[in-house]
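Its first residue numbered 2, the sequence shown is counted upward by one per residue in the numbering used here.
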Amino acid sequence: MNKNVDTVYVLSGYAKCSSAQHGKYKLGNKHSIGLLTTDANYQSNIDQLKSFIKDLGWESITFCMVEEVDDINTLSNDVLISSFLRAKKNGQSLVVNDQPITVH
2 MNKNVDTVYV LSGYAKCSSA QHGKYKLGNK HSIGLLTTDA NYQSNIDQLK
52 SFIKDLGWES ITFCMVEEVD DINTLSNDVL ISSFLRAKKN GQSLVVNDQP
102 ITVH
């Protein structure tokens with residue numbers, strides 16, 4: 002159960018593109034990612050969250066940091082605001098940085 006129904010957990014890390022069908026993402030490139038979820042038990046459900054990301058065409062998923070966001074007004078980036086709203090509506094949302102970390 003969420004300690005605060007307005008809390009969105011932002012898991013930041015990186016993943017490698019595993020689908021050649023992504024268009025703007027090249028197969029094998031690593032990108033920084035942010036998974037926004039309303040799941041307060043994200044630590045216990047990490048395998049399910051990684052499965053969600055894999056189903057979107059990403060692999061080698063690593064999370065480095067987690068932040069809690071309770072107030073959308075603290076976000077200044079339009080992409081994060083949009084993702085926050087999607088997470089509130091759908092339970093989770095993935096943001097991928099268009100610029101790769103490593104190029105293959």
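A virtual CB, placed ideally from N, CA and C, is assigned to each residue, including glycine.
With distances taken from CA atoms, which of the options is nearest residue i?
{"i": "residue 93", "options": "53, 75, 72, 61", "result": "53"}
{"i": "residue 39", "options": "91, 103, 13", "result": "91"}
{"i": "residue 36", "options": "29, 70, 28", "result": "70"}
{"i": "residue 61", "options": "46, 33, 76, 77", "result": "33"}
{"i": "residue 104", "options": "30, 14, 19", "result": "30"}
{"i": "residue 57", "options": "100, 20, 101", "result": "20"}
For a test of the three-state rule: what should DSSP assign to residue i, helix, strand or coil?
{"i": "residue 39", "result": "coil"}
{"i": "residue 95", "result": "strand"}
{"i": "residue 3", "result": "Because residue 3 carries a pLDDT of 39, less than 50, the predicted location of this residue cannot be relied on, and the following value inherits that uncertainty. Coil, per DSSP."}
{"i": "residue 1", "result": "This structure leaves residue 1 out entirely; the chain is present only between 2 and 105."}
{"i": "residue 100", "result": "strand"}
Return the CA-CA distance between residue i and residue j, expressed in angstroms with no decimal places.
{"i": "residue 10", "j": "residue 96", "result": "13 Å"}
{"i": "residue 88", "j": "residue 48", "result": "18 Å"}
{"i": "residue 8", "j": "residue 74", "result": "13 Å"}
{"i": "residue 44", "j": "residue 66", "result": "12 Å"}
{"i": "residue 86", "j": "residue 59", "result": "22 Å"}
{"i": "residue 41", "j": "residue 27", "result": "33 Å"}
{"i": "residue 12", "j": "residue 50", "result": "10 Å"}
{"i": "residue 18", "j": "residue 80", "result": "20 Å"}
{"i": "residue 110", "j": "residue 55", "result": "For residue 110 there is no data in the structure shown, the boundaries of the chain being 2 and 105."}
{"i": "residue 72", "j": "residue 14", "result": "22 Å"}
What do you get for residue i, buried or exposed, if any count of 16 or more other CB atoms within 10 angstroms of its CB means buried?
{"i": "residue 84", "result": "buried"}
{"i": "residue 24", "result": "exposed"}
{"i": "residue 16", "result": "buried"}
Pick out the complete beta strand (DSSP E) segments inside the segment 44-99, 3 residues or longer, and give them in chain order. 59-70
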